[in-house]
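Data block below; observations after.
2 protein chains.
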Amino acid sequence: MEQENSISRIQNAITRNSQLFEQLADLYKIFADSSRVKILCALTQSEMCVSEISEFLSITQSAVSHQLRILKTSNLVKTRRAGKSIIYSLTDDHVRTIIDCGMDHIVE
Amino acid sequence: MEQENSISRIQNAITRNSQLFEQLADLYKIFADSSRVKILCALTQSEMCVSEISEFLSITQSAVSHQLRILKTSNLVKTRRAGKSIIYSLTDDHVRTIIDCGMDHIVE
DNA sequence: TGAACATATGAACAAATGCTCATATATGGA
DNA sequence: TCCATATATGAGCATTTGTTCATATGTTCA
Chain Z
9 MEQENSISRI QNAITRNSQL FEQLADLYKI FADSSRVKIL CALTQSEMCV SEISEFLSIT
69 QSAVSHQLRI LKTSNLVKTR RAGKSIIYSL TDDHVRTIID CGMDHIVE
Chain X
9 MEQENSISRI QNAITRNSQL FEQLADLYKI FADSSRVKIL CALTQSEMCV SEISEFLSIT
69 QSAVSHQLRI LKTSNLVKTR RAGKSIIYSL TDDHVRTIID CGMDHIVE
């Protein structure tokens, strides 16, 4: 039943809406970099400010900031200010789901 | 409960196995191109030979072949020969699941 | 065996990407 | 206001990536 919905959804997509694939590819592009995946996984555990992420993952502050910008632009993370820091957190649970999907495939 | 497993799995991954993120990112890289997503979606419907895929998606035979090579190398598709044609199909249902995950996020 | 069809592949090129370095912006406290 | 801390951003650069074009490999059938 759920499978059927999936297939017909994809069929419609292929025949009628080629743009959807760009969107889909663009979404996966975000997860297609190990720095960003690490950041997203880190935020899966708890919200963190930039310097915490940087330290936790051993990635340059600048690099982290650049990647966070991408993540925020694509609405996967949201921010709030706390004093001098800016705290990043996941926008919703989709990220968790998508990472889990991929993880399931890796682990086999 | 399922959420808990997810989180602890990710925590272990971050602290102990940085290589896992490369694998995860590499997996998403495969989905991060619209041609490959289209091909995978097409194969979601039914197995197809190269020229069918090429025609169905309006992508050059050469381009399709190059992408199929990537998909096969990463074990997402398998092949069998039928006369002059080589027929491609999905290796398992993980592809469906992953595409569905992404689709869910797009549709919102 | 030779022609026609089907697929694979290598080289070349343009576009996209992620990092670093330097610097700008913003906040809090002395 | 001045300084230290925190974050963002632009330019430059090296690497990766996807396509095209030409051609090679492989299969069927006359």
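Heads up: the protein sequence lines correspond to chains Z and X, in order.
The working numbering puts the first residue of the first sequence at 9, with every later residue one more than the last.
The working numbering puts the first residue of the second sequence at 9, with every later residue one more than the last.
Even for Gly, the Cβ is constructed at its ideal location relative to N, Cα and C.
- In this structure, the straight-line span from the alpha carbon of L76/Z to that of S93/Z is close to 14 Å.
- Out of I78/Z, I47/Z and A33/Z, the CA that lies nearest to the CA of S62/Z is found in I47/Z.
- Counting C-beta pairs closer than 8 Å gives three or more between the stretch 35-42 of chain X and the stretch 32-39 of chain Z, which meets the contact rule.
- Along the stretch 81-114 of chain Z, going in chain order, the ones with a CB nearer than 8 Å to a CB of chain X are H102, R104, T105, I106, I107, D108, C109, G110, M111, D112, H113 and I114.
- If you compare the alpha carbons of L28/Z, L51/Z, E30/Z and Q31/Z with that of S97/Z, the shortest gap goes to L51/Z.
- DSSP places I95/Z in the strand class (E or B) of the three-state scheme.
- The beta carbon of T87/Z sits closer than 7 Å to the beta carbons of K80, I94, I95 and Y96 from its chain, once the five residues preceding and following it are set aside; these are given in chain order.
- Closer than 9 Å to the CB of C57/X there is not a single CB belonging to chain Z.
- In this structure, S42/X lies near F29/Z, with their beta-carbon atoms less than 9 Å apart.
- Nearest in C-alpha terms to R89/X, of all of E55/X, Q27/X, C49/X and R44/X, is E55/X.
- Only exposed fits V115/Z, as fewer than 16 other CB atoms lie within 10 angstroms of its CB.
- When C-beta distances to chain X are compared with 7 Å, the residues of the stretch 31-50 of chain Z below that value are Q31, L32, A33, L35, Y36, K37, F39, A40, D41, S42, V45, K46, C49 and A50, in chain order.
- In this structure, S73/X is the residue among D112/X, C57/X and S73/X with its C-alpha nearest to the C-alpha of R44/X.
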